[in-house]
Amino acid sequence: MIRVEWIQYVVQHPVREVIQADGRIRRWAPIHEMDGRYLRVVLLADGETVHNAFFDRLFAP
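If you want the working numbering, it's the position in the sequence shown, counting the first as 1, plus 3.
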């Protein structure tokens with residue numbers, strides 16, 4: 004289960020950010036409690052509303 008505090012951490016401390024054509028914002032950060040796996044958080048264009056969050060197995064920093 005993905006914890007709310009992990010989502011908040013990614014939103015505040017991303018190692019990468021990509022803005023999609025539709026305005027959504029993708030952010031990634033490693034979660035140390037999960038052996039450094041990278042959590043991707045997708046925000047709506049307002050930059051605050053979380054659309055989706057998942058561990059991204061294909062992400063390479």
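Note that beta-carbon positions come from the ideal geometry of N, C-alpha and C, so glycine has one too.
(request) Give the secondary structure of ILE10 by DSSP, where H, G and I count as helix, E and B as strand, and everything else as coil. (result) On the sequence shown, position 7 is the one that residue 10 refers to. ILE10 falls in the helix class under three-state DSSP.
(request) Under 7 Å Cβ to Cβ from GLY39, same chain only, skipping five residues before and after it: list those, please. (result) For the purposes of this step, residue 39 is taken as the residue at position 36 of the sequence shown. PRO33, listed in sequence order.
(request) Check the C-beta distance from VAL45 over to ARG29 and give it rounded, since I have them as a contact under 8 Å. (result) Indexing the sequence shown from 1 puts residue 45 at position 42. Indexing the sequence shown from 1 puts residue 29 at position 26. Rounded, the Cβ-Cβ distance is 5 Å, consistent with contact.
(message) From the DSSP secondary-structure annotation, give me the bridge partner or partners of VAL18.
(response) Along the sequence shown, one-based indexing puts residue 18 at 15. According to DSSP, VAL18 bridges with nothing at all.
(request) Give every residue of the same chain whose Cβ lies closer than 7 Å to the Cβ of GLY50, excluding the five residues on either side of it in the sequence, and list them in chain order. (result) Counted from its first residue, the sequence shown places residue 50 at position 47. Closer than 7 Å at the Cβ level, and outside the excluded window around GLY50, lie ILE28.
(request) Could you spell out where the beta strand (DSSP E) holding ALA32 opens and where it closes? (result) On the sequence shown, residue 32 is found 29 positions in, with the first residue counted as 1. Its beta strand (DSSP E) spans residues 28-34.
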